[in-house]
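Numbering (the working numbering), first residue to last: 378 to 528.
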């Protein structure tokens, strides 16, 4: 059995747009929040800074926690290959220089094909994981909240 994994994710919003990584699978494109797994002895904020450089090629300033999400793979549609995954995801508000160019960083995820600014008003028109963040972000909810085991 795999241990529970911690992951730090960036919520970067500028000019009513959110920055997401663009990924591809057999069903087309899907979008994820930049970020990834915490390494031993690494603070979550440091994880997030490192992962953003790797995935979006930019330094970020980590602000406050926005959402906490659990993902228990066997409970969701990807159980076929994710059944033994249990991950705690910590979503932080982040800032970056408005004029800083974004692109695939030095170590993008395997399925990552790009980085895109998406209008917040269009979030419900694309495939975003976790989907449970779409409604709160579109409604402008910024108060910290625990989302539970969602996808």
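All residues carry an ideal CB built from backbone N, CA and C; glycine is no exception.
- Secondary structure at residue 512: helix, using DSSP grouped into helix, strand and coil.
- Short of 6 Å from the beta carbon of residue 393, and not among the five residues preceding or following it, lie these beta carbons of its own chain, in chain order: 497.
- In the three-state scheme derived from DSSP, where H, G and I count as helix and E and B as strand, residue 424 is classed as helix.
- Closest by C-alpha distance to residue 391, out of 467, 476, 509, is 476.
- DSSP places residue 390 inside the beta strand (DSSP E), whose first and last residues are 382-391.
- Proximity to residue 398 across 466, 500, 489, 441 peaks at 489, based on C-alpha coordinates.
- Secondary structure note for residue 442: its beta strand (DSSP E) is the uninterrupted segment 438-449.
- In this structure residue 501 is exposed. Its beta-carbon is surrounded by fewer than 16 other beta-carbon atoms within 10 angstroms.
- If only complete runs of 4 or more residues are kept, the segment 470-520 shows the alpha helix (DSSP H) at 511-515, in order along the chain.
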